[in-house]
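Here the structure is laid out as C-alpha cells; the discussion comes afterwards.
There are 2 protein chains.
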Amino acid sequence: MSSDSDLTARARIRDAAIALFTERGIAGATIRDIAQAAGVSSGLLRHHFGSKEGLRDACDEFALARIAQVQTRFVGSQMLGPIPPDVLPLQQYLVRALMDGSPRSTEMFRRAVDQGEHLLGDLKVETGDLRAFVAVVGAMKMGMFLMRDQLSAVLGEDVGVPPGYLRILRASIEIFRQPLLTPEQADQAMRALDRISLHEGERP
Amino acid sequence: MSSDSDLTARARIRDAAIALFTERGIAGATIRDIAQAAGVSSGLLRHHFGSKEGLRDACDEFALARIAQVQTRFVGSQMLGPIPPDVLPLQQYLVRALMDGSPRSTEMFRRAVDQGEHLLGDLKVETGDLRAFVAVVGAMKMGMFLMRDQLSAVLGEDVGVPPGYLRILRASIEIFRQPLLTPEQADQAMRALDRISLHEGERP
DNA sequence: ATGGGGGCTACACGTGCGTGTAGTAGCCTA
DNA sequence: TAGGCTACTACACGCACGTGTAGCCCCCAT
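From first to last, the protein sequence lines are chains X and S.
1 is the number of the first residue of the first sequence in my numbering; add one for each residue after it.
1001 is the number of the first residue of the second sequence in my numbering; add one for each residue after it.
Structure, rendered in C-alpha cells:
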C-alpha cells in the first residue's frame, strides 16, 4: 500500500481491477469503484483500456504472463522454492475470471488440462477417464479459491492471505496424500452410478 | 417443460429463479428475465416474494428443504439409492448461492462442516487440522459444480446433466479412492510450506 | 517559443436495473 | 348481489451502470 503511488496510474488501475474483480467477480466490480480504488477518474480507465472488457483482458494477460514467468523458473525442480508473494492474488484472480467465463483463461484451463493429461499419462493413477480425472482435480483445486469467503467464515480466519492460506494448503496436501474412500466404498459408489446410467438409458 | 403450466405461478417463478440464479449467479440474473422465463409479469414476482432478496431466500429455503428431505430418507443406508432427478439442479443452485454469499447457505455450510468434523473424527483420516480438512474437502466438491461451464468445455459435454454429470462423479470417486501424492511428495510439500511460514514470521 | 500529443478530468447520455404505485379480473363469503 | 381479498398487470421512478465527448495540463521535440 505504501508504494502504490510509485506505480504508474495504468498499473494502479490494473492492480485495483484485479483486486476488485477477484473480490466481487467481473460483473460485480464497477468501473467507477475500480477507478476510485486506484485514485483516478473513471475516464482515465477508459482512456487506457478502452472498455471494461479491455481492462479485463489486460488483467488476464498480466496475470497469465506473471504466473508463466515464475512457473517456468522452476520447471526443472519439481517442487518450487519460495513463491513470490504477488502471485497469490493473481492466481485467485485467474480462478475467479475463469469461473466468470473469460475467454483467455478458458483457453488457459484447456491447455492446463491437456498438459496435465500428458503429464499424468506416464504416472500410475488408476482411472478409466484420464481427461475427466485431470479436469476434475483442477476444478477441485479451484474450488478452494472460489469458496474463499465461506472457508474463511468456517475456519475463522481469512484463507486468502498467508496464515490462513497455508492452513488450507496443508489441508489439501493431507487430502491428496491418502485415499478418502476404501476400495469397497468406491466400488459400491461406482456400481450405484452404473445403475443410474442404465436407468437413464431406458427412459426415453 | 411440458407440465410447467400445471404449476402455480409462484412455483414457476421459483423454478425459473433457481435455474437463472444457477446459470448466471445471483447478481447476474435479473428480475425481469426471471419473470419472463416464468411467463409472468415482473410485478407478480414482487407481489409473491417482496424483493429479489426475498425471492432468493425462498429459493434457498425450498432447495434446502427438498434436499434435507431426500437426505434423511437415506440416512441409515450409507450409500443412497436412486437420487430423484430434481435434486441435482437444487444442489447446483445451493453451491452457486453459497459462493455468492447467501446467509442461509453459509449457515448450511457451517453446519455441514460441523457435522462432517464429528463424523470424520471417528474415522481414520490423517490430519493435523480436522476442521480445515473437512472444510476444504467440501470446497473441492463444490468446485466441480462451480466450474461447470469450464469442465463442460474441456470435456466436450455438459457436465451439469446426467451423461456428463455421471462422468465427473466417476472421476471424483477415482480421485478420492487413491492417494495422489506419495508420502515423500507430501512431506516435501509440507516442509516447503513450513519454510514459507517461517519467512512470514520473520518479516514484520 | 511553440505546437502537438498523451495523460488525465469533468460531465452528459442512454440503458437496464430493482423498486414503487395504481388499477383490473376473478373468486369466495355474507 | 355486494364486498373484499388475492392474483396479476401496466407503467413510472430513481439510480447506477458502461460509455461517449470536450477540454485541460504538461512535457518534449522542433
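From the three backbone atoms N, C-alpha and C, an ideal C-beta is built for every residue, glycine too.
As assigned by DSSP and simplified to three states, the class of residue i
i         : result
X/Ala211  : Since the displayed chain X opens at 1 and closes at 204, residue 211 of chain X lies outside it and no answer follows.
X/Arg10   : helix
X/Thr22   : helix
X/Met108  : helix
X/Asp158  : coil
S/Gly1128 : coil
S/Ala1038 : helix
X/Gln185  : helix
S/Ile1196 : helix
Whole-angstrom distance between residue j and residue i, CA atom to CA atom
i         : j         : result
S/Leu1130 : S/Glu1117 : 7 angstroms
X/Val113  : S/Leu1169 : 17 angstroms
X/Asp100  : X/Arg111  : 18 angstroms
X/Ala9    : X/Val40   : 7 angstroms
S/Ala1065 : X/Phe49   : 47 angstroms
X/Arg104  : S/Gln1188 : 33 angstroms
X/Leu7    : X/Ala97   : 24 angstroms
S/Leu1146 : S/Leu1044 : 30 angstroms
X/Ala153  : X/Ala171  : 16 angstroms
S/Asp1033 : S/Phe1109 : 29 angstroms
X/Glu107  : S/Asp1122 : 43 angstroms
X/Leu180  : S/Val1125 : 8 angstroms
Residue nearest to residue i in terms of C-alpha spacing, selected from the options
i         : options                                       : result
S/Leu1151 : X/Met140, X/Gly164, X/Gly28 and X/Arg14       : X/Met140
X/Tyr165  : X/Leu88, X/Val137 and X/Glu126                : X/Leu88
X/Asp57   : X/Asp86, X/Val125, X/Ile18 and X/Leu181       : X/Ile18
S/Gly1143 : S/Thr1127, S/Gly1160 and S/Gly1156            : S/Gly1160
S/Leu1094 : S/Ile1196, S/Arg1177, S/Leu1119 and S/Phe1062 : S/Phe1062
X/Val136  : S/Lys1052, S/Ile1175, S/Ile1196 and S/Arg1032 : S/Ile1175
S/Phe1133 : X/Ile26, X/Thr30 and X/Arg177                 : X/Arg177
X/Arg148  : X/Leu181, X/Pro183, X/Ile13 and X/Gln92       : X/Gln92
X/Ala38   : X/Arg12, X/Gly138, X/Val70 and X/Met190       : X/Arg12
Below-8 angstroms beta-carbon distance, residue i vs any chain X residue
i         : result
S/Met941  : With chain S running from 1001 to 1204 in the structure shown, residue 941 of chain S is simply not present.
S/Arg1177 : yes
S/Val1154 : yes
S/Thr1030 : no
S/Arg1104 : no
S/Glu1174 : yes
S/Arg1046 : no
S/Arg1170 : yes
S/Asp1158 : no
S/Arg1167 : yes
CB contact below 8 angstroms: residue i versus chain S
i        : result
X/Ser197 : yes
X/Phe133 : yes
X/Gln150 : yes
X/Val75  : At X/Val75, the pLDDT of 47 sits below 50, so the modelled position is not reliable; the number obtained from the coordinates is stated separately. Not an interface residue.
X/Met79  : Low confidence applies to X/Met79: its pLDDT is 48, below 50, so where it sits in the model is not reliable, and the reading given next is rough at best. Chain S contact via Cβ: present.
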